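Peer 1: Each protein sequence line maps, in turn, to chains S and C.
Residue 53 is where the first sequence starts when you use this note's numbering, and the numbers rise one by one after that.
Residue 136 is where the second sequence starts when you use this note's numbering, and the numbers rise one by one after that.
Even for Gly, the Cβ is constructed at its ideal location relative to N, Cα and C.
The model shown is predicted, which means the values in this text are computed figures rather than measured ones.
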Amino acid sequence: MKIRKIYDTMEYGPAPESRAAADEWLQARNHEFQLFIDGQWESPKSKKHFESFNPANKEFLARIAEAGKKDVDRAVSAAKKALPGWAALSGHARARYLYALARQVQKHSRLFAVLESLDNGKPIRETRDIDIPLVARHFYHHAGWAQLRDTELPDYKEVGVVGQIIPWNFPLLMLAWKVAPALAMGNTVVLKPAEFTSLTALLFAEICQHVGLPAGVVNIITGAGETGALLTQHKDIDKIAFTGSTEVGRIIRRATAGSGKKLSLELGGKSPFIVFEDSDLDSVVEGVVDAIWFNQGQVCCAGSRLLVQESVAERLYKKIRARMETLRVGNPLDKGIDIGAIVAPVQLKTIEQLVKKGIDQGATLWQPSWACPTEGYFYPPTLFTEVSPAHVIAREEIFGPVLVAMTFRTPAEAVQLANNTRYGLAASIWTENINLALDIAPKVKAGTVWINCTNVFDAASGFGGYRESGFGREGGKEGLYEYVRLKAEDEFQDKPIRPGKSKPKGEENGLPALPPIDRTPKMYIGGKQARPDGGYSTAVYGANGRILGEIGEGNRKDIRNAVEAAHAARSWATTTGHAKAQVLYFIAENLAARAGEFANRIIDLTGCKPEDARKEVDASIERIFYYAALADKYDGAVHHTVFRNVTLAMPEPIGVMAIVCPDESPLLGFISTVIPAIAMGNRVVAVPSASFPLSATDFYQVLDTSDLPGGVLNIVTGEQDDLAQVLANHDDVDGIWYFGGKAGSKMVEHDSAENMKRAWASHGKYRDWMNPAHGAGEVFLRMATQVKNIWVPYGE
Amino acid sequence: MKNNVKHKEPTEAPARLPILPLDLDVIKGIRINRSAVERRAATLGKRRTVKKEWQAAWLLRAIACIDLTTLAGDDTPGNVTRLCAKARQPVRQDLMDSLGVGDMNLHTGAVCVYHNLIPTAVEALKGTDIPVAAVSTGFPAGQVSMKQKLNEIKESVQAGAREIDIVISRAHVLRGEWEKLYEEVAAFREACGPAHMKAILATGELATLTNVAKASHVCMMAGADFIKTSTGKESVNATLPVSLVMVRAIREFHERTGFKVGFKPAGGIRTAKQSLEWLFLMKEELGNDWLQPELFRFGASSLLGDIERQLEHFVTGRYSASYRHPMS
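Structure representation (structure tokens):
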């Protein structure tokens with residue numbers, strides 16, 4: 053009768069994936085795990101363990117070591133010890149190890165998949181069909197980059213010992229995103245998985261042992277936030293890579309400020325999912341499922357804000373509600389389940405609280421008619437309509453299966469709504485009109501833009517955020533730069549490099565005995581000369597001690613005005629490369645016409661030899677030519693990702709950038725830092741050398757004659773660190789470069805954490821600006837841009 | 136008998152879809168994104184599965200939805216009679232008994248043949264309510280005169296076919312002549328009279344999924360009781376992406392008009408596993424109503440054989456061989 057009954061009702065029934073092999077694996081280890089340090093399993097010196105549970109049924113899974121200070125020290129020193137040997141291996145040798153790891157992941161793919169599902173609560177379909185295949189793909193792809201590093205990145209070397217902290221939502225995949233590029237580029241690693249989901253990282257450690265990875269190259273230390281904090285603060289860590297919440301990312305940014313540690317952060321999101329009226333609405337519905345009901349919505353790039361054109365909103369909501377009814381929530385190990393368990397009670401509570409907030413604030417909630425299982429931590433798919441940007445649920449990352457929907461009237465309003473967030477991780481755009489799609493994609497502030505698809509990943513494409521979603525990319529060639537540094541950095545000096553002085557010889561430069569006409573260098577804001585808001589000026593003395601002029605003392609308001617002027621000049625970002633190049637060439641031309649005057653100024657300011665001054669001017673002209681040349685040639689890539697998809701990696705300008713110029717090299721230091729930023733389409737607020745500001749203020753006269761649109765380059769003179777602090781704390785500044793001492797670098801990095809502006813500081817290491825290997829090159833363009841990957845599937 | 140009732144008896148039979156006016160605005164508004172459709176189609180079979188008793192029950196349901204078909208130049212009364220016997224008793228009685236469904240009177244949804252074999256099939260199915268379906272209108276290419284096509288339908292209905300599988304003129308679709316397509320299919324429907332009409336789109340020859348969607352809507356407006364993917368003679372026949380597009384068109388049509396149109400994928404569905412994927416598609420996109428032979432059919436000839444072997448495997452735990460099951 054049973055079959056007959058099923059025949060009548062046509063229910064699905066249970067379809068459990070076997071967990072026998074995973075249970076056997078846990079039992080064989082007595083459900084207890086130690087720390088993987090220096091190729092060995094070590095009991096924690098902390099003598100502490102914590103417990104890990106299956107969120108689908110609350111069963112105990114394992115006792116896991118909690119690494120304390122001594123354990124972190126042990127792991128970091130093991131990685132440090134292993135570094136020289138690992139870095140000295142040929143790229144081919146490292147490629148072999150990564151290839152072996154990829155193979156091992158594939159060979160044990162089902163064990164990984166089942167363990168991940170048990171530990172995290174995500175459906176076996178996802179671990180089996182998405183997570184684990186992407187892990188293998190990531191190691192294969194980076195085996196290739198290991199092989200190619202020395203030919204593709206000949207000017208770079210490994211960073212050193214890398215500390216990596218990963219989240220619980222994609223445990224093994226995030227491990228792969230961190231470990232694969234780090235090893236490929238010759239670094240050694242100390243990795244801490246999230247305390248909710250350590251198991252697959254521990255199985256990965258066994259695989260490292262199995263393939264004979266040299267001891268200490270990968271160390272895996274388990275623990276919670278305190279362990280992570282110890283790792284980020286460790287003095288022998290050269291780089292921190294973190295994926296997790298923006299809140300913790302900010303703490304790490306501040307904690308590592310001034311340490312010289314490289315940092316990449318992949319943080320939260322509230323990604324827009326934009327639906328235009330001409331889209332394939334049935335496909336949109338499945339896109340929504342993939343966007344917000346993938347991994348229980350616990351996805352940093354989840355399309356959690358549905359923005360729909362008014363004309364189709366009701367139709368789409370109706371379709372989504374109908375689709376929600378057919379989603380299946382339940383045992384994650386069931387092969388026919390769409391939505392598994394929320395990772396932990398604390399996360400479930402957060403979701404419940406935010407949903408309550410949504411209801412309280414007047415949004416309309418819709419959930420399917422069926423009920424979730426009660427034995428574990430489950431939450432049903434949820435849709436909020438009548439949401440407005442003022443609602444908490446429209447602004448805060450819920451990190452659960454909760455979609456909030458808003459409507460828009462026009463494409464322009466869609467962009468405004470999409471960008472009305474602190475985050476900028478991803479976006480999804482749905483339209484059958486390629487003109488519209490490719491118009492909107494560059495306007496949305498997001499590191500990844502999916503056209504007519506969502507949550508598609510591949511190792512060949514970079515992934516990472518704009519704004520408070522963090523910085524740095526993972527995947528693709530753009531991701532490799534997080535794990536290398538310029539070899540030339542080894543040549544940087546601890547003191548500023550200045551040319552020698554000429555002997556003072558009476559009346560310098562043979563100037564006539566008449567008193568000079570008083571000249572008043574002003575600030576330069578919005579293409580106009582501006583007096584300092586405060587009304588104070590400071591004398592600038594020449595090398596001979598004579599006053600050369602008085603410059604305005606810039607203050608907060610001058611910075612405010614300059615930033616506003618820079619924002620007003622936003623059309624510079626979309627000016628063609630050719631047009632930008634033409635302006636830069638014209639600047640060079642006009643500078644050349646006044647080369648003598650600029651050389652004399654340098655001599656007066658620094659007292660250098662005339663030939664050195666001339667060389668600096670010539671080098672400045674050449675440098676402008678160099679970036680003019682690159683203005684229409686630094687042009688991104690098309691990545692080889694998934695089938696029938698053009699994945700465009702577009703370098704986009706950072707936006708409004710603050711540049712605190714080097715104090716040495718009055719003209720060349722200014723040119724070398726400001727011009728590449730402008731060449732990439734940024735608008736710049738420059739704080740020139742405080743000792744020698746007059747070369748920069750002279751320069752605005754060159755700008756005035758060179759067709760540079762007002763507001764693209766703004767010059768605010770004054771005490772550099774004071775102005776730098778105002779800029780670092782300005783939330784409408786997107787990036788800041790600081791070429792100065794250690795204390796200023798620390799301040800800039802620390803204070804840039806609030807809005808996660810991209811900070812690039814020199815930490816008291818000084819370049820020889822005359823040397824192109826130090827003072828020019830691709831690195832300046834890379835730091836002046838962020839890569840946006842636009843995924844465009846095709847096929848009619 | 137009451138245990139034998141397959142599905143809940145409707146209190147009154149729903150009205151049959153009439154020929155509706157052609158609404159070109161609907162056609163103009165159609166947007167299909169191929170990549171997104173393919174992505175959904177590719178994951179459908181991975182998001183759902185049925186095991187053990189559930190699998191057995193679902194495979195029985197697949198059988199009930201098969202239009203058991205032979206469409207060959209060498210068809211004779213001999214092999215068609217054999218096919219009809221198989222349609223009456225698709226699975227060995229001992230297997231049905233072992234499955235606990237020995238009394239359910241399982242049979243296929245229909246038997247599908249060329250016009251000349253209709254009398255043989257009608258005769259062989261006497262005493263059952265298994266309908267005979269005939270392919271028609273110059274099947275498979277449809278490159279004959281309209282007059283011939285209409286005559287063919289009428290003759291087949293007269294010969295006892297209760298279902299007519301017509302082919303549309305692909306040229307109308309490829310040239311965007313939606314009025315002509317509508318008129319053609321509506322005329323076919325008129326000619327069918329009481330016989331139910333399945334409109335074969337021959338999707339493998341329609342070039343794009345957008346064309347498939349548009350043709351689906353036009354055929355439904357023109358009164359097609361079923362829309363069907365293929366003749367089985369094109370180089371590409373039933374695929375999941377094409378089926379997904381057609382099934383969504385059926386859903387849209389139902390929402391717009393209140394009429395339920397059936398779906399028939401045909402050609403290339405040979406394995407039990409494939410048949411389950413289509414059943415998942417129907418349940419997920421349209422709901423359980425479309426898991427009934429009234430609204431869902433497989434056009435298949437070799438599918439049944441594979442299902443029989445899977446059912447025997449379920450009963451015995453041993454992998455089966457095709458010679459253990461009566462041939463059709």
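Does the separation of the CB atoms of Ala268 of chain C and Cys247 of chain C fall below 8 angstroms?
Peer 2: Closer than 8 angstroms, so yes.
Peer 1: Of the choices S:Gly264, S:Ala117, S:Gly310, S:Arg461, whose alpha-carbon is the least far from that of Glu329 of chain S?
Peer 2: Considering only alpha carbons, the answer is S:Arg461.
Peer 1: On the three-pair Cβ rule with 8 angstroms, is the segment 320–333 of chain C touching the segment 352–359 of chain C?
Peer 2: Touching, yes.
Peer 1: Is it buried or exposed for Trp425 of chain C, if we count other Cβ within 10 angstroms and need 16 for buried?
Peer 2: It counts as buried.
Peer 1: Lys399 of chain C: buried (16+ other C-beta within 10 angstroms of its C-beta) or exposed?
Peer 2: Answer is buried; the Cβ neighbour count reaches 16.
Peer 1: Candidates S:Lys322, S:Ala276, S:Gly268, S:Leu113: which alpha carbon is nearest Ser98 of chain S's?
Peer 2: Comparing Cα positions, the closest option is S:Ala276.
Peer 1: Beta carbon of Lys186 of chain C, beta carbon of Gly528 of chain S: below 8 angstroms?
Peer 2: Not closer than 8 angstroms, so no.
Peer 1: Step through the CB atoms of chain C and report whether any lies within less than 8 angstroms of the CB of Asn507 of chain S.
Peer 2: No, Asn507 of chain S lies away from the interface with chain C (no Cβ there is under 8 angstroms from its Cβ).
Peer 1: Could you check the C-alpha separation between Gly558 of chain S and Asn596 of chain S for me, to the nearest Å?
Peer 2: Any answer about Gly558 of chain S is weak, because its pLDDT of 48 lies below 50 and its placement is not dependable; what the coordinates show is given next. Going by the C-alpha atoms only, they are around 10 angstroms apart.
Peer 1: Taking C-beta to C-beta, are Ala257 of chain S and Ala195 of chain S nearer than 8 angstroms?
Peer 2: No, they are not a contact pair.
Peer 1: Hey, is Gly235 of chain C's beta-carbon within less than 8 angstroms of any beta-carbon in chain S?
Peer 2: So, interface residue.
Peer 1: Give the residues of chain S in contact with Leu438 of chain C, contact being defined as C-beta atoms less than 8 angstroms apart.
Peer 2: Within 8 angstroms Cβ-Cβ: nothing; Leu438 of chain C doesn't reach chain S, min ~18 angstroms.
Peer 1: Name the DSSP beta bridge partners of Tyr576 of chain S, please?
Peer 2: For Tyr576 of chain S, which the question treats as bridged, DSSP gives the partners S:Gln581, S:Ile767.
Peer 1: Taking Cβ-Cβ distances below 7 angstroms as the criterion, which residues of the segment 382–393 of chain S are in contact with chain C?
Peer 2: Answer set for the segment 382–393 of chain S: Lys387, Gly388, Asp390.
Peer 1: Can you check whether the CB of Val270 of chain C is closer than 8 angstroms to the CB of Ala330 of chain C?
Peer 2: Their beta carbons are not under 8 angstroms apart, which means Ala330 of chain C does not touch Val270 of chain C by this criterion.
Peer 1: In chain C, which residues lie with their C-beta within 7 angstroms of the C-beta of Asp181 of chain S?
Peer 2: The answer, in chain order, is Lys181.
Peer 1: Do you know how far the Cα of Leu235 of chain S is from the Cα of Val269 of chain S?
Peer 2: Their Cα atoms are separated by approximately 8 angstroms.
Peer 1: Starting from the N-terminal side, write out each stretch of the beta strand (DSSP E) that is 3 residues or longer and does not extend beyond the segment 358–399 of chain C.
Peer 2: If we require 3 residues or more, the beta strand (DSSP E) runs fully inside the segment 358–399 of chain C come out as 361–363, 397–399.
Peer 1: Return the CA-CA distance between Pro266 of chain C and Leu438 of chain C, expressed in angstroms with no decimal places.
Peer 2: The straight-line gap from Cα to Cα measures roughly 19 angstroms.
Peer 1: May I ask you to list, following chain order, the residues of the segment 190–218 of chain S that have a beta carbon less than 8 angstroms from some beta carbon of chain C?
Peer 2: Result list empty, no residue passes.
Peer 1: Specify, as a first and last residue, the run of the alpha helix (DSSP H) that His448 of chain C falls within.
Peer 2: From DSSP, the alpha helix (DSSP H) with His448 of chain C extends over 438–451.
Peer 1: Tell me the DSSP secondary structure of Asp756 of chain S in three-state form.
Peer 2: Helix.
Peer 1: By DSSP, does Phe460 of chain S sit in helix, in strand, or in coil?
Peer 2: Note: Phe460 of chain S maps to strand in three-state DSSP.
Peer 1: Counting only Cβ-Cβ distances shorter than 8 angstroms, please list the residues of the segment 808–822 of chain S near chain C, keeping chain order.
Peer 2: Here the close residues number zero.
Peer 1: By DSSP, does His460 of chain C sit in helix, in strand, or in coil?
Peer 2: Looking at His460 of chain C - three-state DSSP - the assignment turns out to be coil, as it is neither helix nor strand.
Peer 1: Taking a contact to mean a Cβ-Cβ separation below 8 angstroms, would you say Gly235 of chain C touches Ile55 of chain S in this structure?
Peer 2: Yes, these two residues count as a Cβ contact at 8 angstroms.
Peer 1: Suppose contacts are defined by Cβ-Cβ distances below 8 angstroms. Is Gly215 of chain S in contact with Ile289 of chain S by that definition?
Peer 2: Contact: yes.
Peer 1: Looking at chain C, which residues of the segment 61–74 of chain S have a Cβ within less than 9 angstroms of any of its Cβ atoms?
Peer 2: Result list: Thr61, Met62, Glu63, Tyr64, Gly65, Pro66, Ala67, Pro68.
Peer 1: Would you verify that the beta carbon of Lys495 of chain S is, or is not, closer than 8 angstroms to some beta carbon of chain C?
Peer 2: No, because no Cβ of chain C sits closer than 8 angstroms to the Cβ of Lys495 of chain S.
Peer 1: Reducing DSSP to helix, strand and coil, say where Gly558 of chain S ends up.
Peer 2: Model confidence at Gly558 of chain S stands at a pLDDT of 48, short of 50, so the residue's coordinates are unreliable; what they give is reported in the following sentence. If DSSP states are grouped into helix, strand and coil, Gly558 of chain S belongs with coil.
Peer 1: DSSP three-state call for His815 of chain S: helix, strand or coil?
Peer 2: Reduced to three states, the DSSP call for His815 of chain S is coil.
Peer 1: Between Asn504 of chain S and chain C, is any beta-carbon pair separated by less than 8 angstroms?
Peer 2: So yes, Asn504 of chain S belongs to the interface.
Peer 1: For Glu290 of chain C, which residues from the same chain have a beta carbon less than 7 angstroms from its beta carbon, with the 5 sequence-adjacent residues on both sides left out?
Peer 2: Answer for Glu290 of chain C: His250, listed in chain order.
Peer 1: Does the distance from the C-beta atom of Gly847 of chain S to that of Ser170 of chain C stay below 8 angstroms?
Peer 2: Their beta carbons are under 8 angstroms apart, which means Gly847 of chain S touches Ser170 of chain C by this criterion.
Peer 1: Please report the residue range of the beta strand (DSSP E) in which His331 of chain C lies.
Peer 2: First-last of the beta strand (DSSP E) with His331 of chain C: 331–335.
Peer 1: In this structure, how does DSSP classify Ile706 of chain S when only helix, strand and coil are distinguished?
Peer 2: Ile706 of chain S: coil per DSSP, three-state reduction.
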